[in-house]
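Working notes, beginning with the structure itself.
Set out below in structure tokens:
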């Protein structure tokens, strides 16, 4: 049986394009883009469109920094066997995590951070992020440096 996967991230950057296409060839996977943009994103890495099923979710920027994505609730209550969520999204990450716990759907937490941002929001949310790292079914990282950061930090 091929698992049905919901992959939630802000967008498809050029460096993920081929990976997303390869994943879509092996799995029944739907990519949901919250079309947000964290401040640490490099602006030159413009969003890409590839040969895979994707949906751009409407977001509303609140207070200049918070992307509210109301459509996320509805899609996460669809029938999926696995959720994959990237670390981005002050709204999308906790919502995906909590709904995965409620529905008992495994969550793969994908991160590329090798240090925790030091903004006010990130400092106060560090404990929640640590909890998500520990509570999800798997952490997906790319690179030894990120793996070592997670091992030493959590």
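In the working numbering, the protein residues as written are 215 to 368.
In this text, a Cβ means the ideal position worked out from N, Cα and C, and glycines have one as well.
Keep in mind it's a predicted model, so treat the numbers as computed, not measured.
Put simply, the backbone Cα of residue 365 is about 11 Å away from that of residue 344.
Within the same chain, 231, 234, 235 come within 6 Å of residue 264 by CB-CB distance, once the 5 residues on both sides are set aside. The shortest CA-to-CA distance from residue 286 to any of 221, 361, 354 is the one to 221.
Taking C-beta separations shorter than 6 Å and ignoring five residues to either side along the sequence, the partners of residue 313 in its chain run 290, following chain order. Contact between residue 308 and residue 342 is confirmed by a C-beta separation of about 7 Å, below the 8 Å threshold. Looking at the DSSP output, residue 352 bridges to 322.
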